[in-house]
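Shown next, in structure tokens, is the structure this report addresses.
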Amino acid sequence: MRCISRAVLAFVFVAGSLAQTPPAPQLSSFAGTFKAEFRKQTWLVLTLIADGDKLSGTLTHSAQLSADDEGDITSVSDDMSSESIVNTELHSDSLRITARDEDGNEDHYALTLTGADTAELRSLVGDEDSGPKPFKLKRTVSPAK
1352 MRCISRAVLA
1362 FVFVAGSLAQ
1372 TPPAPQLSSF
1382 AGTFKAEFRK
1392 QTWLVLTLIA
1402 DGDKLSGTLT
1412 HSAQLSADDE
1422 GDITSVSDDM
1432 SSESIVNTEL
1442 HSDSLRITAR
1452 DEDGNEDHYA
1462 LTLTGADTAE
1472 LRSLVGDEDS
1482 GPKPFKLKRT
1492 VSPAK
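The sequence shown finishes on residue 1496 if you use the numbering used here, and the numbering steps up by one all the way, no holes.
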């Protein structure tokens, strides 16, 4: 009887520890330089710099891009546009980003970490299904430790 009780306790302990969800990412875990490529051309660079309890940085991207009906990118322009990161806010497992261009126009994005050095950036414009799929990013420069 004692062996069965120990086995049940051990099972409950192991099952409980496996069921725990990983901790939500901290603001600083989003810091670094992320890039997206299309046909070996870097068309998007997102740089996030930890500054105390907030993030600042820039978003540089192709001025124009096209996507097919499934939301896959089909072309990007060589002309680049740059925006300043004016606000970041954690929402569950993603970082909400507000970027502003030199004319004062704002764009909103959600950055979700998918691995140690990979992420997805989704544009938050109108209907989520109307735009391109989330952009796959790779962190090329990690934050200084």
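Just so you know, even glycine gets a beta-carbon here, dropped at the ideal spot from N, CA and C. These figures come from a predicted structure and were not determined experimentally.
Which same chain residues, not among the five before or five after residue i, have their C-beta less than 8 Å away from its C-beta?
i: Ala1401; result: Leu1378, Ser1379, Ala1382, Pro1494
Whose C-beta lies closer than 7 Å to the C-beta of residue i among residues of the same chain, with five residues either side of it excluded?
i: Asn1438; result: Thr1449
i: Thr1465; result: Glu1471
i: Thr1425; result: Ser1417, Ala1418, Asp1419
i: Leu1462; result: Phe1381, Ser1445, Leu1446, Ile1448, Ala1470, Leu1472
i: Leu1441; result: Leu1378
i: Arg1451; result: Glu1434, Ser1435, Val1437, Glu1457
i: Met1403; result: Rather than Met, the amino acid found at residue 1403 in this sequence is Gly. Answer for Gly1403: no residue qualifies.
i: Ser1486; result: Note on residue identity: the sequence assigns Phe, not Ser, to residue 1486. The residues are Ala1387, Leu1395, Glu1471, Leu1472.
Buried or exposed for residue i, going by 16 or more other Cβ atoms inside 10 Å?
i: Ser1443; result: exposed
i: Ala1414; result: exposed
i: His1459; result: exposed
i: Arg1390; result: exposed
i: Ser1445; result: buried
i: Leu1475; result: exposed
i: Ala1467; result: exposed
i: Glu1453; result: exposed
i: Glu1434; result: buried
Would you kindly report the start and end of the unbroken beta strand (DSSP E) that includes residue i?
i: Lys1487; result: 1486-1492
i: Gly1408; result: 1405-1413
i: Arg1447; result: 1445-1451
i: Leu1399; result: 1392-1402
i: Phe1381; result: Careful: Phe1381 lies outside any beta strand (DSSP E) and carries neither H nor E.
i: Ala1418; result: 1416-1418
Which residues in the same chain have their Cβ closer than 6 Å to the Cβ of residue i, if we skip the five residues on either side of it in sequence?
i: Gly1422; result: Pro1483, Lys1484
i: Asp1430; result: Ala1414
i: Ser1428; result: Ser1413, Ala1414, Gln1415
i: Leu1399; result: Phe1381, Ala1382, Leu1406, Gly1408
i: Thr1384; result: Thr1398, Thr1491, Val1492
i: Leu1488; result: Phe1385, Ala1387, Ala1470, Leu1472
Is residue i close to the ligand FMN? I mean its beta-carbon at under 7 Å from any heavy atom of the ligand.
i: Thr1491; result: The ligand FMN is not part of this structure, which contains no ligands at all.
Return the bridge partner residues of residue i from the DSSP annotation.
i: Glu1457; result: Arg1451
i: Leu1464; result: Ala1470
i: Glu1434; result: Leu1410
i: Leu1475; result: For Leu1475, which the question treats as bridged, DSSP gives no partner whatsoever.
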